[in-house]
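Since the structure comes first, as structure tokens, the remarks are kept for the end.
2 protein chains.
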Amino acid sequence: MHNSLINAIRQRVNLTDEEAATFERFFIPRRYRKRQYVLNAGDKCQYLLFVANGLLRSFTVSDDGDEHVMQFAMEGAWITDMGSFLSGDDAIYNIEALEDSELLLLTRDGMEELIETIANVERYFRVLMQQSIMALQKRIRLTQMYSAEEAYLQIMELQPDVFNRAPLQHIASYLGITPETLSRIRKQVSARR
Amino acid sequence: MHNSLINAIRQRVNLTDEEAATFERFFIPRRYRKRQYVLNAGDKCQYLLFVANGLLRSFTVSDDGDEHVMQFAMEGAWITDMGSFLSGDDAIYNIEALEDSELLLLTRDGMEELIETIANVERYFRVLMQQSIMALQKRIRLTQMYSAEEAYLQIMELQPDVFNRAPLQHIASYLGITPETLSRIRKQVSARR
DNA sequence: CATTTCACTTGACATGTATCAACTAATTAG
DNA sequence: CTAATTAGTTGATACATGTCAAGTGAAATG
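Protein chains in written order, with our numbering: chain A, 1235 to 1427; chain B, 1235 to 1427.
Below, the structure written as structure tokens:
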């Protein structure tokens, strides 16, 4: 279970075997069942989560009760409520397992200690943040530039691994459209070919 | 001109006066006139830009020639094409001065050297990236959860300093709507009160 | 200052997407 | 395996936003 974590880190920065062993020790392995909540909005988000296995989503709930998906995270991805994790504010996101999942949890203190202990770790997290910024910008352009149909076709083409696993209602929410509209889009697309 | 930079850094991490002086030396001051392009999509983005004074926007141009604003940056903000600056890829964003502006430029090498020279700098940039992620997520929720009118009212309320200075066509682009729609929204809003 | 250019507005109409209700298919729980 | 619940689809209709064309107002340029 820790292997996928070390592999992910080593794709970005170098770690000696000794460092890798130290690194592992900071993470708490934990299993979640499908539908289980990993984080409830309103609580403090205590962990940065690495997905060793499975699929999660983070989402907010608006006043009218509608859900709005911010992120899907599958094997190899990180997920958290950044504001809450870093600043100790109340979480605004919920995080839910969409499949049975194996996670590796890192606390705030753990992260700080790791950064001080292993030279390349701060760099790793900075690079991770930068990648995340680029991904978020790409997502903004997706809905800014394209119609719902074009946006849907793009994500299915560019990230089929995630979006073929996610329920349609959550994909619709991710795109900012209703399930009905997504259903009609899919019908039109399949009718055309 | 460098003062605003040092102030911005010191809001997040500690710097001795000596470190501050070293820090400054890595930055190249440069002025841009209104309408001048700081970066052209297709070029390599050589700099991370700190805005000492003025207002800029970054934007992409789609195949049909439409512009799509990603970011506005006023005094105290950073702006760049992250993918191009960090990885040396061709820039996908244009950056244009919307007002006469004074910028402080940091090269990639400069950034690396700074990080190695001054202890807190890597931390500063990591925190900066984290803030940026939260801001981008907030922006995604803005268009995901709200109608064009609600989104417009929110940004005008929450960031009046930027959006009162930006031309309406660019605000429309930022929101992912046409200038005509924004014009009608503004008419309705002002008619109601 | 005059002229040109560009930003913004307005109207008529087309299109995309939301809403609500009903239905069918798939999944979950007993 | 069956019943109950949830996810996804479909139809009718309303509303939000886009498009195109024309106009007005403001700003840049010589």
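Yeah, the Cβ is synthetic: ideal placement off N, Cα and C, and Gly gets one too. Keep in mind that this is a model prediction, so the values were computed, not measured.
Exercise for review: Report the residue from A/D1300, A/I1262 and A/E1253 whose alpha carbon sits nearest the alpha carbon of A/M1235.
Suggested key: A/I1262
Exercise for review: Could you check if B/Y1358 is buried or exposed, using at least 16 other CB atoms within 10 Å of its CB as the buried criterion?
Suggested key: buried
Point to revise | Simplified DSSP state of A/P1413, which is helix, strand or coil | key: helix
Review point. In three-state DSSP terms, what is B/N1287?
Key: strand
Review point. Looking only at DSSP bridge pairs, what is A/R1264 linked to?
Key: A/L1337
Practice item. Specify the secondary structure class of B/Q1270 as computed by DSSP and reduced to three states. Key: coil
Exercise for review: Step through the CB atoms of chain B and report whether any lies within less than 8 Å of the CB of A/M1363.
Suggested key: yes
Check your understanding: Would the beta-carbon of B/M1304 fall within 8 Å of that of A/I1389?
Key -> no
Review point. Going by C-alpha distance, which of A/A1286, A/F1293, A/E1384 and A/V1423 is nearest A/L1339?
Key: A/A1286
Check your understanding: Under 8 Å between C-beta atoms, does B/H1429 make it to chain A?
Key -> Because chain B in this structure spans residues 1235 to 1427, residue 1429 of chain B falls outside the shown range and cannot be described.
Review point. What does A/Y1281 pair with, by DSSP beta-bridge criteria?
Key: A/T1341
Check your understanding: In or out: A/A1425 buried (at least 16 other Cβ within 10 Å) or exposed?
Key -> exposed
Check your understanding: Between the beta-carbon of B/Y1271 and the beta-carbon of B/T1314, is there less than 8 Å?
Key -> no
Practice item. Ignore the nearest five residues each way along the sequence and tell me which others in B/M1345's own chain have a CB closer than 7 Å to its CB. Key: L1282
**Study point:** Cutoff 8 Å: B/R1375 Cβ touching any chain A Cβ
**Key:** yes
Practice item. May I ask you to verify whether the region 1395 to 1413 of chain B touches the region 1381 to 1400 of chain A, counting CB pairs closer than 8 Å and requiring at least 3? Key: no
Exercise for review: Measure the alpha-carbon distance for B/Q1378 versus A/L1376 and round it to whole angstroms.
Suggested key: 12 Å
Review point. When you compare only the Cα positions, how much space is there between A/L1348 and A/F1260?
Key: 8 Å
**Study point:** Every unbroken beta strand (DSSP E) inside the region 1307 to 1393 of chain A [3 residues or more]
**Key:** 1328 to 1331 and 1335 to 1341
Review point. Roughly how many whole angstroms lie between the Cα atoms of B/V1295 and B/Y1327?
Key: 8 Å
Practice item. Within its chain, find whatever has a CB closer than 6 Å to the CB of B/P1413; leave out the 5 residues flanking it on each side and keep chain order. Key: Q1403 and A1406
Practice item. Put A/H1236 into one of helix, strand or coil per three-state DSSP. Key: coil
Review point. From A/G1276 to A/Y1386, what does the alpha carbon distance come to, in whole angstroms?
Key: 31 Å
Point to revise | Cβ distance (whole Å) where B/Y1266 is taken to contact B/L1337 below 8 Å | key: 6 Å
Review point. When the distance is taken between beta carbons, is A/S1292 closer than 8 Å to A/I1329?
Key: yes
Review point. For B/Q1393 and chain A, any beta-carbon pair shorter than 8 Å?
Key: no
Review point. Listed from N- to C-terminal order along the chain, which residues in the region 1384 to 1410 of chain B have their beta-carbon within a distance smaller than 9 Å of any beta-carbon of chain A?
Key: S1407, Y1408, L1409 and G1410
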